[in-house]
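Chemist: Take a look at this one; I'll ask things after.
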Amino acid sequence: MEENLKFLLSAGGFELERVKTALSDNGIPNDSKPQKRNFSAKAVTGVDNSEQDIYVAESDYEKAYDLCIGIGAIRLEGEEEQILDPGGQAEDAAEEMSSGKRTAVRIISALLFILIVAAVIFGIDFISGWIKGLFS
């Protein structure tokens, strides 16, 4: 690889492999170096999840930068992540619930969970009683 390397981005784990593969598939030579003071649990987990800096040749920098924007590895300033709802319409991920609404949703969810568990228990009890009645 050329001596004039330029820093492109930092990534780790799956994202690192995804970016390096995309660069290589598009004919852009790249190199990655672990960041200093970066710890990884590879010995325990078998996966290297440490952050690494990715470098490309200066001549390929523009092409690599555009590719990383295209695959979502680099976000432009002011760009927000969008999530598609089931209807197919995009909504901003930055939208937050108020604390009162969040508390109400948590309480209702807990009550619904308790009701579902109770319904399952009573249903099983009813079915087992019915089966027991068939053999008495």
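FYI, the numbering for the sequence shown is 996 to 1131, going by the working numbering.
Built from N, CA and C at the ideal position, the CB exists for glycine as well.
Quantities reported herein were computed from a predicted structural model and do not represent experimental measurements.
Taking 8 Å as the threshold (C-beta atoms), are Glu-1072 and Ser-1005 in contact?
Modeler: Along the sequence shown, read from residue 1 onward, the residue named residue 1005 stands at position 10. Along the sequence shown, read from residue 1 onward, the residue named residue 1072 stands at position 77. No, Cβ-Cβ distance for Ser-1005 and Glu-1072 is not below 8 Å.
Chemist: Tell me Arg-1051's beta-bridge partners as DSSP assigns them.
Modeler: Translated into the one-based positions of the sequence shown, residue 1051 becomes position 56. The question names Arg, but residue 1051 is Val in the sequence shown. According to DSSP, Val-1051 shares a beta bridge with Lys-1001, Asn-1025.
Chemist: Assign Ala-1006 to one of three DSSP states: helix, strand, or coil.
Modeler: Taking the first residue of the sequence shown as position 1, residue 1006 is located at position 11. Strand at Ala-1006.
Chemist: So, using beta-carbon positions, are Cys-1063 and Leu-1106 closer together than 8 Å?
Modeler: If you number the sequence shown from 1, residue 1063 lands on position 68. If you number the sequence shown from 1, residue 1106 lands on position 111. No. Outside cutoff.
Chemist: Label Asp-1020 either buried or exposed according to how many other C-beta atoms from any shown protein chain fall within 10 Å of its C-beta, with 16 as the threshold for buried.
Modeler: One-based indexing of the sequence shown puts residue 1020 at position 25. Per the 10 Å Cβ criterion, exposed.
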